[in-house]
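K.L.:
Quick one: structure below, then a few questions.
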Amino acid sequence: MSSGLRKGLTSYGDAGFSLFLRKAFIKAAGYSDDALDRPIVAITDTASDYNPCHGNAPQLIAAIGRGVMLAGGLPMRFPTISIHESFAHPTSMYLRNLMAMDTEEMLRAQPMDAVVLVGGCDKTLPAQLMGAASAGIPAIVVPVGPMVVGHHRGEVLGACTDCRRLWGQHRAGRIDEAEVEAISGRLAPSVGTCMVMGTASTMACMVEAMGLSLPLAAAIPAPQAERLRCGEASGTAAVAMAKAGGPAPASLITAASIRNAMVVLQAIGGSTNGLVHLAAIAGRVGIPLDLDAFDRIGREVPVLVDLKPSGDHYMEHLHQAGGVPRLLRELAPFLDLDAPTVAGGTLRDHAGAAEEVPGQTVVRPRSAPLKPSGGMAVLRGNLAPGGAVIKHAAATPALLKHTGRAVVFESVEDMAARVDDPGLDVSAEDVLVLLNAGPKGAPGMPEAGYLPIPKKLAQAGVKDMVRVSDARMSGTAFGTIVLHVTPESAVGGPLGLVRTGDTVRLDVEARTIDLLVDDAELARRAAEPRTAVRPAPRRGYAKLFHDTVTQADRGCDFDFLIGEAEGETRDLPNSEGNVDG
Ligand code: FES
3 MSSGLRKGLT SYGDAGFSLF LRKAFIKAAG YSDDALDRPI VAITDTASDY NPCHGNAPQL
63 IAAIGRGVML AGGLPMRFPT ISIHESFAHP TSMYLRNLMA MDTEEMLRAQ PMDAVVLVGG
123 CDKTLPAQLM GAASAGIPAI VVPVGPMVVG HHRGEVLGAC TDCRRLWGQH RAGRIDEAEV
183 EAISGRLAPS VGTCMVMGTA STMACMVEAM GLSLPLAAAI PAPQAERLRC GEASGTAAVA
243 MAKAGGPAPA SLITAASIRN AMVVLQAIGG STNGLVHLAA IAGRVGIPLD LDAFDRIGRE
303 VPVLVDLKPS GDHYMEHLHQ AGGVPRLLRE LAPFLDLDAP TVAGGTLRDH AGAAEEVPGQ
363 TVVRPRSAPL KPSGGMAVLR GNLAPGGAVI KHAAATPALL KHTGRAVVFE SVEDMAARVD
423 DPGLDVSAED VLVLLNAGPK GAPGMPEAGY LPIPKKLAQA GVKDMVRVSD ARMSGTAFGT
483 IVLHVTPESA VGGPLGLVRT GDTVRLDVEA RTIDLLVDDA ELARRAAEPR TAVRPAPRRG
543 YAKLFHDTVT QADRGCDFDF LIGEAEGETR DLPNSEGNVD G
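The following block contains the structure:
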């Protein structure tokens with residue numbers, strides 16, 4: 003099998019010429035024959051002026067490159083799409099599959115023996131892993147790492163749980179314009195990803211638990227020197243993978259590692275988005291995500307990590323407490339510790355590297371958990387036959403069993419236009435229902451599931467209400483919020499049959515979400531002609547997305563990308579034969 007520069011030659015019908023030409027061009031960059039004979043470790047460069055979360059990527063990539071060279075490999079950095087949550091219209095989720103396709107095809111197209119995936123902002127790590135899994139290139143993940151915390155008037159704060167809490171206070175008139183401006187300069191005080199247990203942190207923790215990154219890689223703060231040393235060590239590990247020809251991602255993304263990731267997702271009180279992304283990653287290697295198994299895990303596995311939004315602390319504190327290895331050791335009875343890792347050993351070795359930190363309270367022992375059961379529950383019922391998710395660890399306990407009158411918003415736009423209307427007929431006991439905000443409906447399943455509390459109720463002191471939608475929610479958000487209702491309303495899911503004034507019943511203990519309307523009436527409503535909230539797109543990526551995106555339970559991946567990983571796919575017909583350079 004060919005390796006290094008000889009892999010995946012461009013097709014000119016003459017493999018020797020293809021290699022000759024490739025070498026001629028790369029020598030324009032000053033490479034020697036010695037360098038070009040080394041195993042090639044590619045490094046994805048997701049630095050972008052639009053992505054401050056990845057602001058340390060250049061230094062990190064330099065450190066990874068140093069590690070590659072120390073181990074005798076040749077680092078080759080190349081750019082891919084980069085997605086930041088706040089700079090992605092209409093939503094970052096809409097672009098995740100595009101980034102996954104970009105990553106997959108560039109891993110296939112360019113010669114490399116292994117790849118280091120440098121990412122972190124919410125959708126980037128899932129996109130990169132989806133692409134790498136499908137391309138079959140040995141891959142190791144280096145997250146950019148979390149931001150350090152900010153401070154405001156003596157209070158520790160951070161992106162973006164506190165963004166929402168403080169903005170809520172501003173909406174309620176308790177924080178004025180000048181103070182909210184000052185706060186905006188303190189919520190994200192360094193480069194790196196959101197430092198609460200949002201989607202970025204959730205993904206980094208799950209990726210580490212799946213053995214796809216080195217120990218501690220998830221939680222070392224982005225600005226710290228230790229992050230760079232982790233990068234250097236990952237570069238060195240990537241060379242070992244390049245020389246060994248594996249493990250390929252499909253050898254690491256297995257039923258066992260996916261289950262381990264589900265255990266960790268429950269134990270960290272992680273982001274609901276993590277479940278969608280895990281379904282998409284698993285789907286790339288042909289493993290359907292079992293939502294009911296996830297729910298069962300949640301009934302057994304307690305929340306052990308005391309981080310916002312479920313708890314009090316931030317990612318740098320998780321790192322100081324021993325990071326994911328410490329958590330894995332605590333979760334050992336629930337995990338398959340024989341699962342292999344990129345480091346060449348098993349998760350048992352990974353957990354064995356855990357440091358004992360006297361007096362730390364961020365990673366709780368099983369005997370004194372933060373919450374007795376896991377962070378999330380899967381709900382079913384006539385409103386969500388394909389399932390829905392609630393992060394009950396970050397909900398109001400008194401609302402977990404609640405029956406209320408539905409107040410329906412037809413779309414995100416309708417909600418934005420009416421939710422703060424003083425004339426809106428709504429009370430604190432009502433259930434806010436948002437339609438047409440799912441994968442196809444919005445499109446891109448925006449993080450609109452965190453419906454704002456109507457202003458007149460917020461000003462009266464209401465902090466939480468039951469909210470139901472087919473949308474997602476930021477991992478940094480909190481509240482009694484039912485998400486990912488499947489199938490979504492825009493494809494005919496029963497959520498689309500809810501009318502203002504109906505009664506909705508939520509019972510998290512029973513794992514149910516129901517619309518208390520009789521079947522005959524629901525059938526009558528279903529037979530009524532429906533008008534789409536927006537016309538189906540006719541061209542470009544928007545059409546591809548609309549026509550092929552799957553529902554949340556399948557990870558919102560495109561239907562034609564789900565399936566078995568292709569494994570070693572580099573020797574395409576254009577590079578037939580052994581090329582002797
Ligand atoms: Fe990038 Fe939160 S905005 S991780």
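Going by this note's numbering, the sequence shown opens with residue 3, and the numbers climb by one from there.
No residue lacks a Cβ here, since even glycine has one placed at the ideal position from N, Cα and C.
Do Gly481 and the ligand FES come close, with the Cβ less than 8 Å from some heavy atom?
P.N.:
no
K.L.:
Taking the alpha carbon of Met149 as the point to measure from, which residue in Leu320, Lys125 and Asp504 has its own alpha carbon closest?
P.N.:
Leu320
K.L.:
CB-CB under 8 Å to Arg301, same chain, minus the five flanking residues each way: which ones, in chain order?
P.N.:
Ser375 and Gly376
K.L.:
Quick check on DSSP: helix, strand or coil for Asp16?
P.N.:
coil
K.L.:
Is the distance from the Cβ of Leu329 to the Cβ of Leu339 below 9 Å?
P.N.:
When the beta-carbon positions are compared, Leu329 and Leu339 stay at least 9 Å from each other.
K.L.:
When you compare only the Cα positions, how much space is there between Val506 and Ala462?
P.N.:
24 Å
K.L.:
Strictly by DSSP, which residues pair up with Ser375?
P.N.:
DSSP lists no partner for Ser375.
K.L.:
Hey, Leu594 and Ala135 are a contact pair by Cβ (cut 8 Å); roughly how many whole angstroms apart?
P.N.:
No information on residue 594 is available, as it lies outside the stretch 3 to 583 that the chain covers here.
K.L.:
So, are the CB atoms of Val117 and Ile85 less than 9 Å apart?
P.N.:
no
K.L.:
Under 8 Å from any heavy atom of the ligand FES, does the C-beta of Thr1 make it?
P.N.:
Residue 1 is absent from the model: the chain starts at 3 and stops at 583.
K.L.:
Identify, in the order they occur along the chain, each residue of the same chain with its Cβ nearer than 6 Å to the Cβ of Leu218, setting aside the five sequence neighbours on each side.
P.N.:
Gly325
K.L.:
Using a Cβ-based criterion (distance less than 8 Å to any ligand heavy atom), does Asp51 qualify as near the ligand FES?
P.N.:
no
K.L.:
So for Arg382, helix, strand or coil by DSSP?
P.N.:
Here Arg382 sits in strand by DSSP.
K.L.:
Does Thr48 pass the burial test, meaning 16 or more other C-beta atoms within 10 Å, or should it be called exposed?
P.N.:
buried
K.L.:
Consider the C-beta atom of Asp164 and the heavy atoms of the ligand FES; say whether any pair is separated by less than 8 Å.
P.N.:
no
K.L.:
Which residues mark the beginning and the end of the beta strand (DSSP E) in which Leu517 is found?
P.N.:
For Leu517, the uninterrupted beta strand (DSSP E) run begins and ends at Thr514 to Leu517, by DSSP.
K.L.:
When the Cα of Lys25 is compared with those of Ala370, Leu38, Asp416 and Tyr14, which residue comes out closest?
P.N.:
Leu38
K.L.:
List the endpoints of the continuous beta strand (DSSP E) containing Pro405.
P.N.:
Reading off the sequence shown, one finds Thr at residue 405, where the question assumed Pro. Counting along the chain, the beta strand (DSSP E) containing Thr405 begins and ends at Lys403 to Phe411.
K.L.:
Please classify Met475 as buried or exposed, where buried requires at least 16 neighbouring CB atoms within 10 angstroms.
P.N.:
buried
K.L.:
Between the alpha carbons of Leu2 and Val344, how many angstroms are there, rounded?
P.N.:
For residue 2 there is no data in the structure shown, the boundaries of the chain being 3 and 583.
K.L.:
Roughly how many whole angstroms lie between the Cα atoms of Pro225 and Val193?
P.N.:
About 7 Å.
K.L.:
In whole angstroms, give me the CA-to-CA distance for Ala395 and Ile45.
P.N.:
37 Å
K.L.:
Is Met208 helix, strand or coil when you go by DSSP?
P.N.:
If DSSP states are grouped into helix, strand and coil, Met208 belongs with the helices.
K.L.:
CA-CA distance, Ile185 and Met197?
P.N.:
16 Å
K.L.:
If you draw a straight line from the C-alpha of Gly248 to the C-alpha of Pro41, how long is it?
P.N.:
13 Å
K.L.:
Grouping DSSP H, G and I as helix and E and B as strand, with all else coil, what is Ile85?
P.N.:
coil
K.L.:
Taking the continuous alpha helix (DSSP H) assigned at Pro128, which residues delimit it?
P.N.:
Thr126 to Ala137
K.L.:
So is Glu578 buried or exposed if we call it buried at 16+ other beta carbons inside 10 Å?
P.N.:
Any reading at Glu578 needs caution, since the residue's pLDDT is 34, under 50, leaving its predicted position unreliable; the model's value is listed next. With fewer than 16 other Cβ atoms inside 10 Å of its own Cβ, Glu578 counts as exposed.
K.L.:
Measuring only from the beta carbon, is Cys558 closer than 8 Å to any heavy atom that is part of the ligand FES?
P.N.:
It does not: the Cβ of Cys558 is nowhere closer than 8 Å to a heavy atom of the ligand FES.
K.L.:
Where does Pro113 fall in DSSP's three states?
P.N.:
coil
K.L.:
Quick one: does the C-beta of His86 sit closer than 8 Å to a heavy atom of the ligand FES?
P.N.:
The nearest non-hydrogen atom of the ligand FES is less than 8 Å from the C-beta of His86.
K.L.:
Secondary structure at Ser471, three-state DSSP: helix, strand or coil?
P.N.:
strand
K.L.:
Just grab the DSSP bridge partners of Ala44 for me.
P.N.:
Met78 and Val117
K.L.:
In whole angstroms, give me the CA-to-CA distance for Ala450 and Val414.
P.N.:
7 Å
K.L.:
At a cut of 8 Å, does the stretch 161 to 169 reach the stretch 475 to 485 through at least three beta carbon pairs?
P.N.:
yes
K.L.:
Go to His319, then tell me how far its alpha helix (DSSP H) extends in each direction, as first and last residue.
P.N.:
Met317 to Gln322
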